[in-house]
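One structure is given below, encoded as structure tokens.
4 protein chains.
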Amino acid sequence: MTKGEETRLRILDTALELFWKRSFHGVNTAEICEASGVNKATLYRHFPSKTALAVAAVERGRDRTREFVFEGAFAESDDPARRLRAIYDRVQGSHRDLCNRKEPSPGCPFVNLGMELGTQIPEVLSAVNEAFASFRPYYRRIIRDLNADPEREPLDVSTSVEALLQVMNAGMVASKLKNDPREIRRARGIAERIAEL
Amino acid sequence: MTKGEETRLRILDTALELFWKRSFHGVNTAEICEASGVNKATLYRHFPSKTALAVAAVERGRDRTREFVFEGAFAESDDPARRLRAIYDRVQGSHRDLCNRKEPSPGCPFVNLGMELGTQIPEVLSAVNEAFASFRPYYRRIIRDLNADPEREPLDVSTSVEALLQVMNAGMVASKLKNDPREIRRARGIAERIAEL
Amino acid sequence: MTKGEETRLRILDTALELFWKRSFHGVNTAEICEASGVNKATLYRHFPSKTALAVAAVERGRDRTREFVFEGAFAESDDPARRLRAIYDRVQGSHRDLCNRKEPSPGCPFVNLGMELGTQIPEVLSAVNEAFASFRPYYRRIIRDLNADPEREPLDVSTSVEALLQVMNAGMVASKLKNDPREIRRARGIAERIAEL
Amino acid sequence: MTKGEETRLRILDTALELFWKRSFHGVNTAEICEASGVNKATLYRHFPSKTALAVAAVERGRDRTREFVFEGAFAESDDPARRLRAIYDRVQGSHRDLCNRKEPSPGCPFVNLGMELGTQIPEVLSAVNEAFASFRPYYRRIIRDLNADPEREPLDVSTSVEALLQVMNAGMVASKLKNDPREIRRARGIAERIAEL
DNA sequence: AATGAATGAGGCTTCATTCAT
DNA sequence: CATGAATGAAGCCTCATTCAT
């Protein structure tokens, strides 16, 4: 990895974290630069605007989430029920780290940015939707694997996938509103009910 | 109502609408003033800061939502199932008006502001939580009325209420992300499933 | 005159002088504000951009030049030859004031801005051309008055007017390049030759 | 010519063209580098600053103009009148090329930079004046050759030379302001009148 | 009670320039 | 000799807020 790519990633990860915890407008470019240890002109050499940085940060978050949460959960086990659980546990994991540090529960970076900027910056909205789109296949796989069980009444795949996505989002929203990451665990229960486990 | 109170309400309703559709940071005080037809100094005579205005706007939204959505839905019928439906239909109603005007689906003002400002402005977060708190009794009443039916397996009230709140929020989030108010109708289906209707 | 109009004019006159003496890019908005004794936000309340300010300043310069140089020269006398002289003398007058203060000869604000921004900011180019357009009638009147003399071979009006405009500009350019306002006086001689005096 | 000299010249020609067409502040070093196909550090290896580059570009322009316009015109003929014409025609030639490409008429690089930077960067002003100084001998030669005709009333050499320089500049200014290179041809007529042809 | 006008602080972005390789 | 990457300073503009009337 070249030095420029390293810098780019450092900026990106910093921005993602800050946008996540403090919102797009709650952070300014100076803070992002300071936190990434780069000069402001360097930031703008890598990203043409704060908006573009947000888009790239969402994409970075999508990739990291897919890797750590979804791929990680799927690597843990082959059982769809355990995979579903693992997804929530891994999400909650990242939150617990924050709460130990007494930081408020930040919720979901994608939902946060989507709600903050959805009607203001369409590029961000698209990036958020693409992130969710990239999570769907994992839920779909879970539902299909469950449906493979001949003893179960099969679920409608598309409906269930959307419901699972929404339950996760609802849990993240609740976690942020109530400042309580245990809401994520609670959402896990609802998700299991939807998957009829 | 005195003239001052009238002005105050006009500002409040304008601010609520603008914050809802365009987010807190997406609107500035100049626009709020122009849209409410008042001078900036007048705005600051009624509200000590933009933050305070947002808090008051959330409170105003809470009252209007309670009145129009919840009280309205409850006035329509005594049947808990129909009341639940009516809640969603009334919420969707306000959205459809917007979409006819080709505006993007704005989602839920409380969720939006909560996600945007939750970690930044605690007063707003509190106001948002109070708004949701004021909606809980209606859901509770619905669940209890359903539980009154001796033929039904009774639901855990608290759990179900929280789930209903979350389902509504999830639907509003999806409606905004996908820019499609029909997501609210879809959420109604999930809510009914949760209420085991 | 309202207080706002006063402020606007103060900004405008300051900007005109600074752009004239130090060019558009040689002055920043902070300096313009400091020199006009206003806050930056005040400047932007009166003018939407630095570019718009430059356009307005050119228009202001046009009006002031027409008043002081051309109307002034025409008020001095009815004789076209003396009027032509007076135009140059009045132009040189404003320059001499500067040179006593040991400032470099600034040339012509219209030519300066036209050359600096002509290919970059079309609005400024238009404003500059409109300024020159507003000076033409005076030259035209001079040529016509001269042509009224039956003893003279009549000059082609349009050609002569353009030539007079160009001679003035050339003198201003030379005055700036050589940093010597006496070039304006020299241009007066050429102008008189063109007018065949 | 070594490779370094080649690079230096490429940068210089690029800078001259860009400064000419888009002004000193209208072009940044990044664009100059991109257009010359060199790295920024390379540019700064050859020129210590943007200002120094502008000075060198003016000198380069001076040499090229002397070669192409003046030496070229003098090589065409021995007749002073035709030489004077040829000067204007060669100047106009370079402009026409641009206008076919629908670019705005850029005027004179020396006048442009002199007007833009005359009061800001003295080195550039000097370079511009030196450029004009290097053109004077050609005009002087023309006037002297004309004066050699015993049938003509001899012209004052110095006065006429300055007038010819100024007429050219005025034509270039007009060409840029009106975005019409035919103004150069028009100036040729005035020049001929000054030379009493 | 309301307004036109003003402000200090800070936002995003871009500049000419230099370092390290 | 040339480059990819980085930087400090500064630029334009906008914000929430307050003054004076």
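Residue numbers (numbering that gives the first Met the number 0), protein chains in the order written: chain A, 0 to 196; chain B, 0 to 196; chain C, 0 to 196; chain D, 0 to 196. Using N, Cα and C, we set each Cβ at its ideal position, and we do this for glycine too.
Helix, strand or coil for residue i? Go by DSSP, reduced to three states.
i: C/Thr41; result: helix
i: A/Cys107; result: coil
i: C/Phe131; result: helix
i: D/Lys175; result: helix
i: B/Glu197; result: It is not possible to answer for residue 197 of chain B, since the shown part of chain B is limited to 0 through 196.
i: D/Arg192; result: helix
i: B/Glu115; result: helix
i: A/Arg100; result: coil
i: C/Ala147; result: coil
i: D/Asp209; result: The requested residue 209 of chain D is not part of the displayed model; chain D covers only 0 to 196.
i: C/Asp155; result: coil
i: A/Ile183; result: helix
i: B/Ile142; result: helix
i: A/Ile120; result: coil
Assuming contact is defined by CB atoms lying nearer than 7 Å, are residue i and residue j in contact in what I supplied?
i: A/Phe23; j: A/Leu116; result: yes
i: D/Pro180; j: D/His94; result: yes
i: C/Thr118; j: D/Arg100; result: no
i: A/Leu83; j: A/Ala55; result: no
i: B/Ala194; j: B/Glu182; result: no
i: B/Thr13; j: B/Ala34; result: yes
i: B/Val160; j: B/Arg135; result: yes
i: C/Asn111; j: D/Met114; result: yes
i: A/Asn178; j: A/Ser104; result: yes
Let me make sure I understand the geometry here. Which of the options has the alpha-carbon closest to that of residue i?
i: B/Lys39; options: B/Thr64, B/Arg184, B/Ala29; result: B/Ala29
i: D/Phe109; options: D/Pro103, D/Arg65, D/Arg81; result: D/Arg65
i: B/Asp88; options: B/Gly71, B/Asp78, B/Ser104, B/Glu102; result: B/Gly71
i: C/Ala80; options: C/His45, C/Pro103, C/Tyr137, C/Leu97; result: C/Tyr137
i: C/Leu176; options: D/Val127, D/Leu154, D/Leu163; result: D/Val127
i: D/Asp62; options: D/Gly106, D/Tyr43, D/Leu8, D/Leu154; result: D/Leu8
i: C/Lys92; options: C/Phe67, C/Phe46, C/Glu4; result: The question names Lys, but residue 92 of chain C in the sequence shown is Gly. Of C/Phe67, C/Phe46, C/Glu4, the residue nearest in Cα terms is C/Phe67.
i: C/Thr41; options: C/Leu163, C/Thr6, C/Pro153; result: C/Thr6
i: D/Gly3; options: D/Glu16, D/Gly25, D/His45; result: D/His45
i: C/Ala53; options: C/Val37, C/Phe69, C/Leu15, C/Glu152; result: C/Leu15
i: B/Ile86; options: B/Leu163, B/Ile31, B/Leu97; result: B/Leu163
Exercise. Taking only runs of the beta strand (DSSP E) that begin and end inside the region 0-73 of chain A, which ones reach a length of at least 3 residues, in chain order?
Worked result: none
Exercise. Are the region 188-195 of chain D and the region 120-128 of chain C touching, with three or more C-beta to C-beta distances below 8 Å?
Worked result: no
For this session: Kindly confirm or deny that the region 156-168 of chain D and the region 129-138 of chain D touch, where touching means at least three C-beta pairs closer than 8 Å.
Result: yes
Exercise. Within the chosen definition, does the region 140-156 of chain D reach the region 46-60 of chain D through at least 3 CB pairs nearer than 8 Å?
Worked result: no
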